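As given, the protein sequences belong to chains A and B, one line each in that order.
Just add 15 to wherever you are in the first sequence, counting from 1, and you've got the numbering used here.
Just add 27 to wherever you are in the second sequence, counting from 1, and you've got the numbering used here.
Every residue gets a Cβ at the ideal spot worked out from N, C-alpha and C, and that includes glycine.
Since we're looking at a predicted model, the values are computed, not measured.
These notes concern the structure reproduced below.
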Amino acid sequence: MELYSPEGLRIDGRRWNELRKFECRINTHPNSSDGSSFIEQGNTKVICMVQGPMEPVLRSQSNPNQANIEISITIANFSTTERKKRLKNEKRLVELKATLERTFEQSVMCKLYPRTVIQVNIHVLAQDGGLLAGITNAITLGLIDAGIAMYDYVSSISAGLYDTTPLLDLNTLEENDMSTLTIGVIGKSEKLALLLLEDKMPLDRLESVLAIGIAGGHRIRDLMDEEVRRHGNLRLSKVNV
Amino acid sequence: MILSPAERSYLYDSLIQKPPIRPDSRSGHQFRPLEAKTAFLPSSNGSARIRLMDGSECIVSVKAKVVLKSQESSLIECDIDVSGNRDDSNFVSILKFNLTNLLCQNFPMDVLQLTSKYSYKLFIDCLVISHTSYPLTLLSLATYLALKTTRLPLLVSDVDDSEVEEQPTFSDDWDKSKYLKEMVSSNSKFQPPIFITLGVVGDNLLFDPSTEEEQVLENGLILSWYNNKVITPISNINLASNSNNSNFKGMDPILISKSLALLKKYCGEIVDALDGIIEHDDATEGGIF
C-alpha cells in the first residue's frame, strides 16, 4: 500500500499538510455534567464530560493549594474495526491519563480552585488515529464549557514523518506505519504543553514535523474557538430575551 | 440525590393516591421524554444512543463477526459498561445477565445463519455514560434501536457448503447490505425484545420510575415484552440502588396480573414510538448531538 504517492497524495486523498474533517460541539450533556464536549477528528469520536470544581469525596484527594485534576478514560470495546475488550488498568491507558493530567495541571489555573477536584470523564467511541490529540481537544473544550479558568486553549494534533516528508493528522493506517508524535500547542503561540513521541524520529527532521504540527494546532484552535463563540452567542441570545 | 425522611413521606403519600401524583406530573403509564439517534458509528453494524431528560444516557453498538457455528455456544454476546461502576460489580453483572438472557432466548437466530457451517455472531456493547434511575429499560430500548438499524453485508457465495470447503464471501457494496428486519421470514416482524421496569406503590404500578420515586417504592418489577406479548422472565427487584429503601416489602400477587394487563395495553405504543424514531431519524443530518 502506498501511504504517500509521488504526486503528493495520501491514502485518503489529502496533501501532506491537510487536516481531516474536524467537528466539535460543546455543552452536549447539559443535564448530566458541568461541562461537556464532543469532537470528531476524522473518524475518531470522543465524548468528554467534566464535573467540578467540586469537593472531593475523600479528604486525601484535596490539596490546600490547588485543584486536583482527575481524568478517567474509557475506550469502548467497539471503537476499533476489530472489536476488542479493554481493561481499565491497561498500561497504555494509565500512561495516557498521566500525560493528560500533567498537561492540564499546567494549563488550568489550578491555584484559583484550592481544595477541589475536577473530574474529567472521557469516552472514546471510535478511533482512527490521533487518539491522544482527540482526547486533549475534547478535554480543552469540556473545561471551557465548565467555565474553568485556563491560560489558553490547548489544541492538539498528531504529525508523522514519511521518509523525508512530514505528514499532518495521521489516520490509523498511517500511524501504524511511520513514526508519529503528538503535540499540544498553547493558543496561538509556539509553546507546547504536550509532546508525546513513542518511537524514533531523526533529530534533523524533527523541526519540520514540529513546524507542521504547530501550524495544524493553530488551525484546530481556530475551529474550536469558532464553536465556543457560536455557543457563547447562542447563550447570550437566550439571556437577552 | 438522597431524600430526607420528610421528603420520602411526602413523595410516598402522593404516589399512593389514586390515581398516583408523580413529581414530574406524569401519569402512571407514561415514560420520561427521551431523545434518540441511530446509526452514527461508522465502524459498527448498528448503533443507537438514547438520552433521557434527566441526563441519563446510553450508547449501544452492534458488531457482527463471521464464526464457525460448531465453535460458538451462543450467537449473541452482550457486554455492559456502566460509567463509575466496576465491570465485576453486582450491579453490572445483574444488568448484563438480564440483557444477555433476554436476547439469547428471544431472538430470531435464523437471521444470523449464513451457510451450513458459518453464521454471524452479534456483539452487543452497551455503554451507560450516566444514569440516575435503574438503567435496564434505557439499555434495552437502546439495544432495540441498535438492532433495528443493524445492517449486515450481502452474502454472495453459495449458501450450502456442507460438501465443499468454502469460506463465505460478501458483496463489497454497502448499499446492497441488508437490515436484520429484511432478513426475517416475510410473515413475521423483526422486533427485538425489550425490558420494562415498573414501580409498585400500594396498588399503583408506575412505568419507568425516576430516581426519586425509586427510593420510596414498595417493590419493583422487571417485565419483558416480545412479539406483542409479555414473556418470562418476570422478576422483582429493589430498584433503589444508591440508598436504603425502608419501604421495600413483599408484593400482592394480584399486582402481577395487573401489570401484565398494563403492559398489554401500553407496550404496543412504546414499540411503535421507537419504530417512529427510526423512521424519522435522518442519517444525513449533522453530528450525533
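Test: residue i CB closer than 8 Å to a CB of chain B
| i | result |
| --- | --- |
| A:Thr179 | no |
| A:Ala91 | yes |
| A:Thr187 | no |
| A:Arg250 | no |
| A:Lys98 | Sequence check: residue 98 of chain A is Arg here, not Lys. For A:Arg98, the answer is yes, since a Cβ of chain B falls inside 8 Å of its Cβ. |
| A:Thr95 | yes |
Inter-residue Cα distance where the pair is residue i and residue j
| i | j | result |
| --- | --- | --- |
| B:Ile121 | A:Glu22 | 57 Å |
| B:Asp114 | A:Ala174 | 35 Å |
| A:Ala148 | B:Tyr253 | 44 Å |
| B:Ser54 | B:Pro47 | 7 Å |
| B:Ala63 | B:Ile77 | 4 Å |
| B:Thr177 | B:Phe134 | 14 Å |
| A:Ser75 | A:Thr114 | 22 Å |
| A:Lys126 | A:Met64 | 22 Å |
| A:Ser94 | A:His138 | 10 Å |
| B:Leu154 | A:Ala91 | 7 Å |
| A:Val109 | A:Glu116 | 11 Å |
| B:Leu266 | A:Asn104 | 30 Å |
| B:Gln242 | A:Ser47 | 20 Å |
| A:Gly67 | B:Ala288 | 45 Å |
| B:Lys45 | B:Pro220 | 31 Å |
| A:Ser77 | A:Gln134 | 12 Å |
| A:Ile84 | B:Pro162 | 28 Å |
| B:Ser262 | B:Leu250 | 7 Å |
| B:Leu182 | B:Asp279 | 52 Å |
| A:Ile163 | A:Ala82 | 11 Å |
| B:Leu12 | B:Ser74 | With chain B represented from 28 up to 316, any question about residue 12 of chain B goes unanswered, as that position is not in the structure. |
| B:Val227 | B:Leu38 | 13 Å |
| B:Glu296 | B:Gly303 | 10 Å |
| B:Asn112 | B:Glu190 | 49 Å |
Pick from the options that is closest to residue i, judged by C-alpha positions
| i | options | result |
| --- | --- | --- |
| A:Gly144 | A:Thr114, A:Ser51, A:Gln56 | A:Gln56 |
| A:Gly232 | A:Ile150, A:Ser170, A:Ser47 | A:Ser170 |
| B:Ser116 | B:Phe275, B:Ser268, B:Ile281, B:Lys285 | B:Ser268 |
| A:Leu156 | A:Val109, A:Asn46, A:Val61 | A:Val61 |
| B:Ser157 | B:Ile86, B:Leu289, B:Leu207, B:Val211 | B:Ile86 |
| A:Thr59 | A:Asn152, A:Leu146, A:Ser20 | A:Leu146 |
| A:Ala208 | A:Thr151, A:His44, A:Thr131 | A:Thr151 |
| B:Ile29 | B:Ser167, B:Glu240, B:Leu250 | B:Glu240 |
| A:Asp167 | A:Thr179, A:Ser204, A:Thr195 | A:Ser204 |
| A:Pro129 | A:Pro79, A:Leu221, A:Ala164, A:Ser20 | A:Pro79 |
| B:Ser100 | B:Gln132, B:Ser36, B:Leu38 | B:Gln132 |
| A:Leu225 | A:Val132, A:Thr180, A:Asn186, A:Met16 | A:Thr180 |
| B:Glu193 | B:Ser70, B:Leu42, B:Leu95, B:Glu306 | B:Leu95 |
| A:Arg250 | A:Pro45, A:Ser20, A:Tyr19, A:Phe37 | A:Pro45 |
| A:Lys206 | A:Ile229, A:Leu212, A:Arg220 | A:Ile229 |
Residue i at chain A interface by Cβ criterion, 8 Å
| i | result |
| --- | --- |
| B:Ile152 | Strictly speaking, residue 152 of chain B in this sequence is Asp, with Ile absent from that position. Yes, its Cβ sits closer than 8 Å to a Cβ of chain A. |
| B:Phe275 | no |
| B:Leu166 | no |
| B:Pro69 | yes |
| B:Ser14 | Residue 14 of chain B falls outside the range modelled here, since chain B spans only 28 to 316, and no answer is possible. |
| B:Ile77 | no |
| B:Ile29 | no |
| B:Phe316 | yes |
| B:Ser184 | no |
| B:Ser157 | yes |
Inter-residue CB distance, residue i and residue j (contact presumed, cutoff 8 Å)
| i | j | result |
| --- | --- | --- |
| B:Tyr147 | B:Lys92 | 7 Å |
| A:Ile172 | A:Ile198 | 7 Å |
| B:Asp188 | B:Lys144 | 6 Å |
| B:Leu129 | B:Phe234 | Not quite, the Cβ-Cβ distance comes to about 18 Å (not below 8 Å), so this is no contact. |
| B:Val211 | B:Val138 | 6 Å |
| B:Pro195 | B:Thr142 | 6 Å |
| A:Trp31 | A:Leu218 | Not confirmed; about 20 Å, so no contact. |
| A:Asp49 | A:Ala161 | 4 Å |
| A:Ile227 | A:Ser122 | In fact, because the Cβ distance is near 22 Å, the residues do not count as touching under 8 Å. |
| A:Leu196 | A:Ile26 | A:Leu196 to A:Ile26, Cβ: 20 Å. No contact. |
Checklist entry - Between the stretch 117 to 150 of chain A and chain B, which residues of the former have a C-beta closer than 7 Å to a C-beta of the latter? => result Per Cβ criterion, the list reads Asn136, His138, Leu140, Ala141.
Next on the checklist: Give me the subset of the stretch 79 to 113 of chain B whose CB atoms are less than 8 Å from a CB atom of chain A, sorted by chain position.
Outcome noted: In summary, the residues of the stretch 79 to 113 of chain B whose CB is separated from some CB of chain A by less than 8 Å are Met80, Asp81, Gly82, Ser83, Glu84, Ile86, Ser88, Lys90, Lys92, Asp106, Asp108, Ser110, in the order they occur in the chain.
Checklist entry - What residues from the stretch 26 to 50 of chain A come within 7 Å of chain B, judged by C-beta to C-beta, listed N to C? => result So the close ones are Glu38, Arg40, Thr43, His44, Asn46, Ser47.
Next on the checklist: Can you pull out the residues from the stretch 33 to 65 of chain B whose beta carbon lies closer than 7 Å to at least one beta carbon of chain A?
Outcome noted: Those would be none; no residue qualifies.
Item to check | Under 9 Å (Cβ pairs) to chain B, residues found in the stretch 52 to 71 of chain A | outcome: Under the 9 Å Cβ criterion, the stretch 52 to 71 of chain A contributes Phe53, Glu55, Asn58, Lys60, Ile62, Met64.
Checklist entry - In the stretch 205 to 234 of chain B, which residues sit with their C-beta less than 8 Å from some C-beta in chain A, listed in chain order? => result Taking 8 Å as the Cβ-Cβ cut-off against chain A, none of the residues of the stretch 205 to 234 of chain B qualify.
Next on the checklist: If the cut-off is 8 Å on Cβ atoms, which residues from the stretch 283 to 299 of chain B count as contacting chain A, listed in chain order?
Outcome noted: Those would be none; no residue qualifies.
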